[in-house]
Amino acid sequence: MDRLTDEFKETVAVGDAVYGIPGEASSAGGWLYNKKVYEELGLEVPHTWEELMANNEAIKEAGKIPVVASYKDTWTSQLVLLADYYNVYSENPEFAEKFTNNEAKFANTPIALRGFEKLQALQDAGYYNDEESATGYEDALEMLATGEAAHYPMLTFALAAIADTYPEAIEDIGFFGQPGDDPEDHGMTQWMPGSIYVNKDSENAEAAKQWVEYFVSDEGMETLMSVLKANGPYVVEGLDLPEDAYPAVKDMKAYLEEGKVGPALEFLSPLKGPNLEQITVEVGLGMITPEEGAEKYDRDVERQAQQLDLEGW
Amino acid sequence: MRVNKMYSYALLIPAGLIYGLFFLYPTVMSFFFGFTRWNLTDWEWIGFDNYIMFFEESSLMIGFKNTFIFAFLTAGLKVVLGLIFAVLLTAKLRTKRFIRSMVFFPVLVSTIAVGIAFSVLMHPSEGLINMVLGLVGIDGPNWLGNPNLAIYSVAFVDVWKGVGIATVIFIAGMMSIPVDYYEAHQIDGGNKLNAFWYITLPLSRPAINAVIILALIGGLRTFDLVWAMTGGGPGFSSDLIASIIYKQYQAGFYGLSTAGNVILFLMVALIVFPIFKYLNRKEVDL
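One line per chain: the protein sequences are A and B, in this order. Under UniProt numbering, read the first sequence as residues 1 to 313, first letter to last. Under UniProt numbering, read the second sequence as residues 1 to 286, first letter to last.
Next up, the structure:
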């Protein structure tokens with residue numbers, strides 16, 4: 001149990017007791033980018049939002065698509081907002097708790113509102129592809145893998161899909177977390193892995209616990225790694241990624257080693273409004289302003305909290 | 001005088017039980033659950049909160065506007081186009097039977113399949129529709145991606161898919177008009193247009209009424225086509241009441257979505273009953 005990272009334990013602990021172990025590697029929400037495009041244009045991985053926008057400008061001038069928006073699959077539109085959560089977490093660690101307790105809102109928390117603003121800034125600058133609403137997730141992966149587009153804000157489980165469909169391209173795909181304003185504080189928003197739990201009333205609880213210990217041991221994890229490739233870093237400390245891990249996963253591991261990682265909001269709060277993906281489409285297409293989008297989402301969350309009958313709503 | 005009843009009331013029990021259990025009880029219960037916060041196992045009475053929530057929310061209200069536009073537009077087009085097709089297909093044509101089945105064909109295809117096929121055809125740059133328009137020099141719009149256009153694009157597909165039913169009902173209506181009227185009209189020296197206007201149209205009235213009512217009810221509760229084509233988007237711009245209700249179910253808001261269904265039910269009733277009564281008054285006997 002000591003080998004598990006604190007961020008992971010937070011999501012499987014009740015009080016001081018830890019109830020689960022990670023059943024797979026974690027993943028992250030951030031920017032997948034095509035390293036070949038970066039090399040061709042002589043670009044560096046950006047550490048601030050401004051640098052990222054400057055990269056986008058250069059990519060646009062070179063006649064390529066800077067950022068893919070794949071709003072045909074509406075869920076993909078949420079990523080720019082959700083992946084920005086590291087920046088919120090870093091500046092305002094209590095946001096998740098206050099958000100859950102109806103004390104903080106997206107619309108009146110500037111750092112949280114930034115996510116909506118970034119989503120629209122990319123549209124205003126003309127950095128998205130045309131035909132966003134007719135472009136789907138699969139199309140986006142193709143555009144990124146072929147180098148037609150340079151960036152795709154996505155969850156890193158997309159790596160497995162790219163490796164599957166475009167095996168020759170996976171080595172060219174890199175990853176960076178969605179940057180904020182401080183180059184010294186460039187972190188990554190992490191999605192926690194699915195977990196394995198043991199029922200304490202189980203007939204063979206002791207045996208199950210032993211097996212669980214084995215699972216997170218070096219030997220156990222090596223067996224897991226030999227059959228299932230990771231879409232992100234493992235949340236087991238002191239465990240090295242295998243040689244053949246995707247390059248993007250190695251990029252992600254660097255954030256973990258520097259301790260610049262924050263869990264996504266959905267692992268810190270039970271609230272996630274069901275209409276977020278429609279609202280982020282509206283903001284991403286410029287149909288409504290980021291402020292309107294944030295207010296709309298706050299109302300969506302309020303409705304959810306009332307339907308779940310949470311305290312304080 | 002005593003009328004002898006043919007059957008005793010006891011014989012009504014089986015049908016009554018089935019009706020009560022599967023139709024009456026769920027209807028009453030849905031009215032009840034509309035007033036609760038409900039997670040399928042536990043419920044809590046919250047009065048009119050669900051209804052207030054539905055009417056306050058702009059993204060829910062947009063569904064009402066879209067549903068009205070959609071229902072009246074598709075019903076109107078189905079009546080007009082259906083009449084035109086029916087007149088054409090009751091005329092003396094060599095390939096009449098073949099054309100009749102062609103018009104009816106889309107009705108038989110699964111709505112979801114139609115929706116997916118048309119969302120491919122309506123792709124702004126790679127879709128067949130805009131490619132053909134491009135050949136004649138027209139720069140086709142983004143049919144489903146333009147928020148102002150999406151609902152009309154879906155309505156167009158709905159008309160294409162549904163006009164076959166209307167046509168068949170009209171054909172049946174027109175075939176039942178006795179030939180004598182047309183003969184009398186011919187002897188009096190009337191022309192074809194007059195024949196349509198003074199004989200075909202009034203005597204097709206029952207068929208027209210049936211089509212209007214069916215198409216309106218169908219349009220007001222349309223869900224599958226819009227879900228397959230746009231998912232209510234972009235954003236909320238092509239949401240219909242039924243798709244909004246579905247999203248509330250998806251989110252686990254069972255009480256709220258049940259309230260939405262009650263609202264939809266009342267709305268359909270409020271719109272359709274007066275129209276039904278009005279239309280029936282105007283029918284004439286053959």
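Idealized CB from N, CA, C, for every residue including glycine.
Cβ separation of residue i and residue j, assumed to be a contact under 8 Å, to the nearest whole Å
i, j, result
"Thr135 (chain A)", "Val216 (chain A)", "Not quite, the Cβ-Cβ distance comes to about 40 Å (not below 8 Å), so this is no contact."
"Thr74 (chain A)", "Gly233 (chain B)", "6 Å"
"Gly312 (chain A)", "Gly262 (chain A)", "Contact doesn't hold; Cβ gap of about 24 Å is too wide."
"Tyr297 (chain A)", "Leu276 (chain A)", "6 Å"
"Glu24 (chain A)", "Gly194 (chain A)", "6 Å"
"Met252 (chain A)", "Ala104 (chain A)", "Not a contact, Cβ separation roughly 28 Å."
"Asn102 (chain A)", "Ala305 (chain A)", "7 Å"
"Gln123 (chain A)", "Leu285 (chain A)", "7 Å"
"Thr48 (chain A)", "Met192 (chain A)", "27 Å between Cβ atoms; not a contact."
"Ile173 (chain A)", "Ala83 (chain A)", "The Cβ separation is near 16 Å, so there is no contact."
Chain A residues whose Cβ lies nearer than 9 Å to that of residue i
i, result
"Pro14 (chain B)", "Those within 9 Å of Pro14 (chain B) in chain A number zero; the least Cβ separation is about 40 Å."
"Ser59 (chain B)", "Asn275, Gln278, Ile279, Lys296, Arg299, Asp300"
"Met53 (chain B)", "Arg303, Gln306, Gln307"
"Arg37 (chain B)", "Gln306, Gln307, Leu308, Asp309"
Contact set between residue i and chain B, taken where Cβ atoms lie within less than 7 Å
i, result
"Met192 (chain A)", "Those within 7 Å of Met192 (chain A) in chain B number zero; the least Cβ separation is about 22 Å."
"Tyr71 (chain A)", "Pro234"
Alpha carbon of residue i to alpha carbon of residue j, nearest angstrom
i, j, result
"Leu155 (chain A)", "Thr100 (chain A)", "24 Å"
"Ser110 (chain B)", "Ser101 (chain B)", "17 Å"
"Glu243 (chain A)", "Ala230 (chain A)", "12 Å"
"Leu203 (chain B)", "Val103 (chain B)", "23 Å"
"Asn66 (chain B)", "Ser238 (chain B)", "7 Å"
"Gly20 (chain B)", "Phe223 (chain B)", "27 Å"
"Gly115 (chain A)", "Ile62 (chain B)", "26 Å"
"Asp139 (chain B)", "Ile18 (chain B)", "57 Å"
"Leu144 (chain A)", "Leu239 (chain A)", "30 Å"
"Met53 (chain B)", "Arg299 (chain A)", "11 Å"
"Leu165 (chain B)", "Leu88 (chain B)", "It is worth fixing the name first, because residue 165 (chain B) is Ile in this sequence and not Leu. Distance between the alpha carbons of Ile165 (chain B) and Leu88 (chain B): 15 Å."
"Ala112 (chain A)", "Phe95 (chain A)", "9 Å"
"Met131 (chain B)", "Val159 (chain B)", "22 Å"
"Gly162 (chain B)", "Glu291 (chain A)", "41 Å"
"Tyr182 (chain B)", "Ala195 (chain B)", "7 Å"
"Tyr9 (chain B)", "Met175 (chain B)", "41 Å"
"Ala251 (chain B)", "Phe31 (chain B)", "20 Å"
"Gly259 (chain A)", "Ala121 (chain A)", "29 Å"
"Phe23 (chain B)", "Met122 (chain B)", "40 Å"
"Glu56 (chain B)", "Phe68 (chain B)", "18 Å"
"Lys277 (chain B)", "Ile169 (chain B)", "20 Å"
"Thr167 (chain B)", "Ala210 (chain B)", "12 Å"
"Leu119 (chain A)", "Gly42 (chain A)", "25 Å"
"Glu131 (chain A)", "Met221 (chain A)", "43 Å"
"Tyr198 (chain B)", "Leu133 (chain B)", "40 Å"
Proximal residues of chain B, C-beta to C-beta of residue i below 9 Å
i, result
"Pro274 (chain A)", "Lys247, Gln248, Gln250, Ala251, Gly252, Phe253"
"Leu285 (chain A)", "Gly145, Pro147, Pro234, Gly235"
Buried or exposed (CB count within 10 angstroms, at least 16 for buried), residue i
i, result
"Trp45 (chain B)", "exposed"
"Glu295 (chain A)", "buried"
"Ala91 (chain B)", "exposed"
"Lys78 (chain B)", "buried"
"Asn50 (chain B)", "buried"
"Met6 (chain B)", "exposed"
"Gly30 (chain A)", "buried"
"Met29 (chain B)", "exposed"
"Pro178 (chain B)", "exposed"
"Arg281 (chain B)", "exposed"
"Pro147 (chain B)", "buried"
"Val226 (chain B)", "buried"
"Lys247 (chain B)", "buried"
"Val236 (chain A)", "buried"
Partners in chain A for residue i, counting only beta-carbon separations shorter than 8 Å
i, result
"Asn142 (chain B)", "Glu131, Ser133, Ala134"
Residue i: contacting residues in chain A (beta-carbon distance under 7 Å)
i, result
"Pro124 (chain B)", "Glu131, Ala134"
"Leu256 (chain B)", "Gln307"
"Met131 (chain B)", "Under the 7 Å cutoff, chain A gives no residues; its nearest Cβ is about 14 Å from Met131 (chain B)."
Opposing strand residues paired with residue i [DSSP bridges]
i, result
"Arg37 (chain B)", "B:Glu44"
"His151 (chain A)", "A:Tyr33, A:Val67"
"Ser27 (chain A)", "A:Trp191"
"Ala13 (chain A)", "A:Val18"
"Tyr128 (chain A)", "A:Val67"
"Pro263 (chain A)", "A:Gln190"
"Val236 (chain A)", "A:Leu4"
"Ile187 (chain B)", "Answer is none; Ile187 (chain B) lacks a bridge partner."
"Gly174 (chain A)", "A:Tyr33"
"Tyr197 (chain A)", "A:Gly20"
Contact set between residue i and chain B, taken where Cβ atoms lie within less than 8 Å
i, result
"Thr74 (chain A)", "Gly231, Gly233"
"Glu282 (chain A)", "Pro234, Gly235, Phe236"
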